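Written as structure tokens, this is what we have:
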């Protein structure tokens, strides 16, 4: 009986650890590493261009047709204020769900799947308004800092004010 009690105790601890962990898809923009929760990612595709849209901000690259679904593509480098990406065949688009819509973000490369503890996520330091506006937090993983992207903030403000 005690062995069963011990096993239940181990299962409870494993369940708590799983609830406290977060899996991320990590990707890079230059030397910076960012991540999004893996459950939001629908697919990762090679950059193949996008159809530009009028009256959009510089960080909106346009739209793609993904099996009948029109998906807006956001240039994450431009969204962070570092100028537009000059895409090559090595760049990728990470297609994600934001609420009930799909969006794609153009990144330099997808690098990893990370498992982090929610307890290790820190607030974004004050001082850089763009970073604090577009990031939910920062976590250290294997001695590198990973910015956690706030997808809702990244996609907001895509249309130019008339």
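In UniProt numbering, the protein residues as written are 1 to 162. Positions of the beta carbon are idealized from the N, C-alpha and C atoms, including for glycine. Given the structure is predicted, the values throughout are model-derived calculations rather than measurements.
Considering only the alpha carbon of each residue, which of the options lies closest to residue i?
{"i": "residue 73", "options": "116, 83, 58, 113", "result": "58"}
{"i": "residue 35", "options": "155, 141, 157", "result": "141"}
{"i": "residue 30", "options": "151, 99, 82, 101", "result": "82"}
{"i": "residue 101", "options": "21, 91, 156, 20", "result": "156"}
{"i": "residue 144", "options": "87, 120, 126", "result": "120"}
{"i": "residue 106", "options": "88, 115, 123, 116", "result": "88"}
{"i": "residue 122", "options": "48, 148, 91", "result": "148"}
{"i": "residue 65", "options": "77, 99, 47, 75", "result": "47"}
{"i": "residue 109", "options": "92, 98, 99", "result": "92"}
State buried or exposed for residue i, treating a residue as buried only when at least 16 other CB atoms are found within 10 Å of its CB.
{"i": "residue 163", "result": "This structure leaves residue 163 out entirely; the chain is present only between 1 and 162."}
{"i": "residue 96", "result": "buried"}
{"i": "residue 118", "result": "exposed"}
{"i": "residue 79", "result": "buried"}
{"i": "residue 70", "result": "exposed"}
{"i": "residue 16", "result": "Because the pLDDT at residue 16 is just 49, under 50, the model does not fix this residue reliably, and the point stays unresolved."}
{"i": "residue 104", "result": "buried"}
{"i": "residue 67", "result": "exposed"}
If you drop the 5 nearest sequence neighbours on each side, which residues of the same chain put their C-beta closer than 8 Å to that of residue i?
{"i": "residue 52", "result": "61, 62"}
{"i": "residue 21", "result": "115, 116, 117, 118"}
Since residue i and residue j are thought to touch, with beta carbons under 8 Å apart, how far apart are those beta carbons, to the nearest angstrom?
{"i": "residue 146", "j": "residue 139", "result": "5 Å"}
Checking the sheet assignment: what are the DSSP bridge partners for residue i?
{"i": "residue 84", "result": "According to DSSP, which records beta bridges pairwise, residue 84 is partnered with nothing at all."}
{"i": "residue 72", "result": "63"}
{"i": "residue 49", "result": "DSSP output for residue 49 lists no bridge partner at all."}
{"i": "residue 152", "result": "Bridge partners of residue 152: none, in fact."}
Quick one: residues in its chain with C-beta nearer than 7 Å to the C-beta of residue i, no 5 flanking neighbours on either side, listed in chain order?
{"i": "residue 41", "result": "25, 94, 96"}
{"i": "residue 43", "result": "95"}
{"i": "residue 133", "result": "153"}
{"i": "residue 111", "result": "26, 27, 28, 33"}
{"i": "residue 135", "result": "124, 147, 148, 149, 150"}
{"i": "residue 137", "result": "121, 122, 123, 124, 148"}
Here's a check: name, in chain order, each residue in its chain whose Cβ is nearer than 6 Å to the Cβ of residue i, leaving out the five neighbours to either side.
{"i": "residue 23", "result": "38, 115"}
{"i": "residue 45", "result": "93"}
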